[in-house]
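What follows is a set of notes on a single structure, which appears directly below.
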Amino acid sequence: AALTDDNTCLDGFAGPSMNGNIKAAIKNRVVNVTQVTSNALALVNRFASSH
């Protein structure tokens, strides 16, 4: 879910205990992980297609 839609991943962080700063920090990390995961999958796919 995090790779296909980072907003879906963040749905679990809704509520009064999650203020804007905390949610923004978590979102930044989720976006970063999404990008790194996408890059890793692209490398694996490229390797798999050439071997």
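Residue numbers for the sequence shown follow this note's numbering, beginning at 8 and rising by one. Heads up, the beta-carbon is just placed ideally off N, CA and C, and yes, glycines get one too. Note that the structure is a prediction, hence the values are computed from the model and not measured.
Exercise. Is the Cβ-Cβ distance between V43 and L17 less than 8 Å?
Worked result: Translated into the one-based positions of the sequence shown, residue 43 becomes position 36. Translated into the one-based positions of the sequence shown, residue 17 becomes position 10. It is not a contact, given that the beta carbons lie outside the stated cut-off.
Exercise. Can you give the Cα-Cα distance for G27 and A55, rounded to whole angstroms?
Worked result: Walking along the sequence shown from the start, residue 27 turns up at place 20. Walking along the sequence shown from the start, residue 55 turns up at place 48. Spanning the two alpha carbons is a distance of roughly 41 Å.
Exercise. The alpha helix (DSSP H) with G27 in it runs from where to where?
Worked result: Translated into positions along the sequence shown, residue 27 becomes position 20. Unbroken alpha helix (DSSP H) run through G27: 27-57.
Problem set entry | For I29 and N39, the rounded distance between their alpha carbons | Translated into the one-based positions of the sequence shown, residue 39 becomes position 32. Translated into the one-based positions of the sequence shown, residue 29 becomes position 22. Using only the alpha carbons, I get a separation of about 16 Å.
For this session: Reducing DSSP to helix, strand and coil, say where G22 ends up.
Result: For this step, residue 22 is matched to residue 15 along the sequence shown. Looking at G22 - three-state DSSP - the assignment turns out to be coil, as it is neither helix nor strand.
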